[in-house]
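Under full-length UniProt numbering, the residue at position 106 of the sequence shown is numbered 106, and the numbers go up by one with no gaps. Worksheet for the structure shown next.
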Amino acid sequence: MVISATEQMERPASFVKISEQAEENMRHVESASQLVDEANQSFNLGISYMKRLEESMKEIDNASSRIGMITKVIEDIASQANILALNAAIEAVRAGAAGKGFAVVADEVLKLAAKSSEAVRQTEQLIRKSAEKKLIICNVFRFCVDWMKPQQFQKRREPGEQFHPAPASFAEKRTARSIGGADCRYETNFETRLFGSAEETGNCSFCG
């Protein structure tokens, strides 16, 4: 096969063009890889904060349960005090003048029992409101978990994918395999790092 002088002159220029394209591709891949590293750091930090949030919500649940038990005890005490005060008031009436002082004490006990019952009622309202707020937090928490799942990560990635190295001709493609071989391997490694990191997080408790 005879190669013309024109082809011999054009070939070095084509090699230079392919080499420049490969270098540009490498810069794009390195830049994208750096962005992925930063995204992974932010992702891991987000997972750490979400774990803390989950632990805090569990502590709130435990505290709410303990408060509920305490208020139940207070409510029982108030109920018993109310019954005792009523019985004392009845006995004071039966005692006549001798039971006046006892009647005053019984009246004060009734007031304390009423205040205790009101305090229990308000505490129960606060617990219910706290439960409602916690439900909102749980919904936001689930949204964040779903948003960070690998499947959603893939969906968010596809619309923004713009890096498409494309040599000008078939001959340049064939030549680019040797010139840009390292670049192609680097790109494959970049893809593995990108999706490998996302898949690993799929095993954590937040992505289940």
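Glycine residues also receive a C-beta, built at the ideal position from the N, C-alpha and C atoms. The model shown is predicted, which means the values in this text are computed figures rather than measured ones.
How about residue i and residue j: are their beta carbons less than 8 angstroms apart?
i: Leu53; j: Phe141; result: yes
i: Ala106; j: Ala119; result: no
i: Ala113; j: Asn62; result: no
i: Val109; j: Leu135; result: no
i: Ala78; j: Ser117; result: yes
i: Met57; j: Cys144; result: no
Quick check on residue i: buried or exposed, where buried means 16 or more other Cβ atoms within 10 Å of its Cβ?
i: Ile70; result: exposed
i: Ala131; result: exposed
i: Val104; result: exposed
i: Ala22; result: buried
i: Glu191; result: Only weak support is given to the placement of Glu191: the predicted model assigns it a pLDDT of 40, under 50, and the question is left unresolved by the model.
i: Gly181; result: Because the pLDDT at Gly181 is just 44, under 50, the model does not fix this residue reliably, and the value given afterwards should be weighed accordingly. Gly181 should be labelled exposed.
With distances taken Cα to Cα, identify the nearest neighbour of residue i among the options.
i: Gln125; options: Ile67, Ala89, Glu108 and Arg94; result: Ile67
i: Ser64; options: Asn40, Lys129, Phe15 and Gln80; result: Lys129
i: Trp147; options: Arg94, Ile47 and Ser19; result: Ile47
Rounded to whole angstroms, what is the Cα-Cα separation between residue i and residue j?
i: Asn87; j: Phe102; result: 11 angstroms
i: Cys138; j: Lys72; result: 27 angstroms
i: Lys100; j: Ile127; result: 41 angstroms
i: Val29; j: Glu59; result: 45 angstroms
i: Gln34; j: Ile74; result: 60 angstroms
i: Arg121; j: Ala32; result: 58 angstroms
i: Gln80; j: Thr123; result: 19 angstroms
i: Met26; j: Val36; result: 15 angstroms
i: Ser14; j: Glu20; result: 10 angstroms
i: Gly96; j: Lys111; result: 22 angstroms
i: Glu24; j: Val16; result: 12 angstroms
i: Ile18; j: Lys133; result: 60 angstroms
i: residue 212; j: Lys115; result: Since the first and last residues shown for the chain are 1 and 208, residue 212 lies out of range.
i: Asp76; j: Arg94; result: 27 angstroms
i: Glu55; j: Ser42; result: 20 angstroms
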